[in-house]
Amino acid sequence: TYTGAPALVGLAALRMGVDLVYIASPERTAYTIAGFSPNLITLKLSGDHLSPGDLAVVKPFLEKATGIAVGPGLGTHKETHEAVKELVRAALKSGKPLLVDADALKPFSEVEVPDGGNVVLTPHEGEFQKLTGERPPLDLEERVEVVAGAAGRLRSTILLKGPVDVISDGRRIKLNYTGNPGMTVGGTGDVLSGVVGALLAQGFEGFKAAAAGAYINGLAGDLAAKDLGYHIVATDLIERIPKAFENPMAGKEFKAPQPS
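So the mapping is simple: this note's numbering equals the position in the sequence shown, first residue as 1, plus 230.
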């Protein structure tokens, strides 16, 4: 279990305007996560990883939540794998919008998703391969076809992260061109999860949340690069989310800095 990833998700969601963020984490890491910001509320779990026995603590908060995100910082323990499947089933049953990323993607692939669910998956290339068994093609047109096909089979919206983000729910397709090479630094995908998760929690349906979230996240990264060059870290994006909303169309004007 990692501490930075869930903290970045939570802080990004708060910057997007959600009222409260609850982060479920083993007790030994929960205090560290809470130490990143007094704005984060942690649910302290037993043991050193998520296990099925911890779901009694988590499930009551599913009823309160308007959006659920699972995956960042989770780890790959066998018990965690089983707990994630049970958690995903409970989230789907609740009807709440669900974002799945990182280590939760593989167990998610083993769960049957009902029609009409509001689910967004945010894999990078390697995670997409684990999720679907397919490696995304380099050719953009072929990549779009593969993502759209997988989204249809999984009854979910997929946001495949990359130099050009590919978003599809199996019927609709969007490409996002905001973002820059400085965003290959660790943690920017966690910020994206917080941004998209916040939009889901605020009532956006999955495809629109994924498309808008990819744009906002990339624009925040572009604004950071404009100030700092490509020497950016994930928290630089979070700090620039409000500025991205001041002028959302800045993404069409941005000129990338020359790498130094």
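Just so it is clear, CB atoms sit at the ideal spot from N, CA and C, and this is done for glycine as well.
Checklist entry - Considering only C-alpha positions, which residue in the set Gly-427, Ala-321, Ser-281 and Glu-293 is nearest to Asn-312? => result First, the residue type needs correcting, since residue 312 is Glu and not Asn in the sequence shown. Nearest to Glu-312 by alpha-carbon distance, out of Gly-427, Ala-321, Ser-281 and Glu-293, is Ser-281.
Item to check | Cα-Cα separation, Gly-481 to Asp-452 | outcome: Their backbone Cα atoms lie some 8 Å apart in a straight line.
Next on the checklist: If we require 3 or more residues per run, which beta strand (DSSP E) segments fall completely within the region 350-433?
Outcome noted: For the beta strand (DSSP E) assignment, the uninterrupted runs of no fewer than 3 residues enclosed by the region 350-433 are, from N- to C-terminal side, 387-390, 395-398 and 403-406.
Item to check | Residue environment, Pro-283, which counts as buried when at least 16 other CB atoms sit within 10 Å | outcome: At residue 283 the sequence reads Gly, which differs from the Pro that was named. Per the 10 Å Cβ criterion, exposed.
Item to check | Own chain partners of Gly-240 with C-beta closer than 6 Å, once the 5 adjacent residues on each side are dropped | outcome: Closer than 6 Å at Cβ, skipping near neighbours: Val-251, Ile-253 and Leu-270.
Checklist entry - Roughly how many whole angstroms lie between the Cα atoms of Leu-384 and Leu-351? => result Leu-384 and Leu-351: Cα-Cα distance of roughly 10 Å.
Item to check | At least 3 beta-carbon pairs within less than 8 Å: the region 404-413 vs the region 439-457 | outcome: By the criterion of at least three beta-carbon pairs nearer than 8 Å, the region 404-413 is in contact with the region 439-457.
Next on the checklist: By the three-class DSSP mapping on this structure, what secondary structure does Lys-326 have?
Outcome noted: In the three-state reduction of the DSSP assignment, Lys-326 falls in the coil class.
Item to check | Cut-off 8 Å between Cβ atoms - residues of its own chain near Ala-320, not counting five sequence neighbours on either side | outcome: Only Leu-285, Lys-289 and Leu-292 meet the Cβ criterion.
Item to check | Minimum C-alpha distance to Gly-275 - residue among Pro-472, Arg-258 and Thr-262 | outcome: Looking at the sequence shown, residue 275 is not Gly but Leu. In this structure, Arg-258 is the residue among Pro-472, Arg-258 and Thr-262 with its C-alpha nearest to the C-alpha of Leu-275.
Item to check | Own chain residues within Cβ distance below 6 Å of Gly-297, not counting five before or after | outcome: The residues are Pro-327, Gly-427, Leu-430 and Ala-431.
Checklist entry - Quick one, are the C-beta atoms of Pro-236 and Gly-305 less than 8 Å apart? => result Not in contact: Pro-236 and Gly-305 (Cβ atoms no closer than 8 Å).
Next on the checklist: I'd like the list of long-range same chain contacts for Glu-435, defined as Cβ closer than 7 Å, with 5 residues on each side in sequence excluded.
Outcome noted: Contacts found: Asn-348.
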